[in-house]
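Here's the structure we're looking at; comments come further down.
Protein chains in written order, with the working numbering: chain D, 2 to 114; chain Z, 4 to 117.
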């Protein structure tokens, strides 16, 4: 079973700062997910990546498969980025069918104006 | 272009009653996942279904919980004889096919047990 560790657990930063959230996992995977959970509770899928780097707006996600590590970066952070950011991996590495996900505990991010 | 629809958004039940949570996946998606988020805890996988089949229910409590995804209609997560510990947010996600696909989440159902 895959174990997922996220750091930091809580992060408070000033508007405009560059934010990095880290995720490590224990078992080789085919893809990793980054999710955002809003204060109201809804969950949005930000990225699914299996290698290299992906960018969407001010969000950048990177993954190193050999080191079993991924990072989520936010450039020019804004108060509206305040949310819980969650890393998730397939529960078992089947290499095939869609698996249920195992989640990190999340990083609570607060961006102050 | 409706996303994953869950209803109700909030559900209040008394101990011993039944709770039924519904999830309509995105159009064209035939894979459904249910997850539970207990207060102050992370998300946990419960069950993975395809149309008319339970593929993986390893995260489901052995008693009182059941799930289905019929040929027609939404997926249903059913909790019988609810207890206070069932209070949680229950999220549904869907994906179009097997293999590595992004999972699209609904807004969740907040279940409160009195």
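Note that the Cβ used here is the ideal one computed from N, Cα and C, for glycine as well.
Asked: Inspect the beta-carbon positions of residue 110 of chain Z and residue 9 of chain Z and report whether they are closer than 8 Å.; Found: yes
Asked: Consult DSSP for residue 106 of chain D and reduce its assignment to one of helix, strand or coil.; Found: coil
Asked: Can you tell me whether residue 32 of chain D is buried or exposed? The criterion is at least 16 other CB atoms within 10 Å of its CB, across all chains shown.; Found: buried
Asked: Along chain D, in chain order, which residues have C-beta atoms closer than 9 Å to that of residue 28 of chain Z?; Found: By Cβ distance, chain D contributes nothing, its closest Cβ being about 12 Å from residue 28 of chain Z, past 9 Å.
Asked: So with Cβ pairs under 8 Å, would you call residue 105 of chain D a contact of chain Z?; Found: yes
Asked: Along the beta strand (DSSP E) that carries residue 117 of chain Z, what are the first and last residues, could you check?; Found: From DSSP, residue 117 of chain Z is part of no beta strand (DSSP E); its letter is neither H nor E.
Asked: Residues in the stretch 13-25 of chain Z with C-beta within 7 Å of chain D's C-beta atoms, listed in sequence order?; Found: none
Asked: Give the single residue among D:88, D:105 and D:106 whose Cα lies nearest to the Cα of residue 50 of chain D.; Found: D:88
Asked: Helix, strand or coil for residue 12 of chain D per DSSP?; Found: strand
Asked: Mind listing which residues of the stretch 69-97 of chain D have their C-beta closer than 8 Å to chain Z's C-betas, in chain order?; Found: 87, 89, 91, 92 and 97
Asked: Looking at the secondary structure, which residues open and close the beta strand (DSSP E) in which residue 45 of chain D lies?; Found: 44-50
Asked: Taking a contact to mean a Cβ-Cβ separation below 8 Å, would you say residue 112 of chain Z touches residue 18 of chain Z in this structure?; Found: no
Asked: What number of angstroms, rounded off, separates the C-alpha of residue 58 of chain Z from the C-alpha of residue 114 of chain D?; Found: 46 Å
Asked: In terms of alpha-carbon separation, which member of Z:20, Z:80 and Z:99 lies closest to residue 69 of chain Z?; Found: Z:80
Asked: How long is the line joining the alpha carbons of residue 60 of chain Z and residue 49 of chain Z, rounded to whole angstroms?; Found: 6 Å
Asked: Between Z:54, Z:72 and Z:84, which lies nearest to residue 66 of chain Z when the distance is taken from Cα to Cα?; Found: Z:84
Asked: If we define contact as Cβ-Cβ less than 8 Å, is residue 64 of chain Z a contact residue for chain A?; Found: Here the protein chains are D and Z, and chain A is not one of them.
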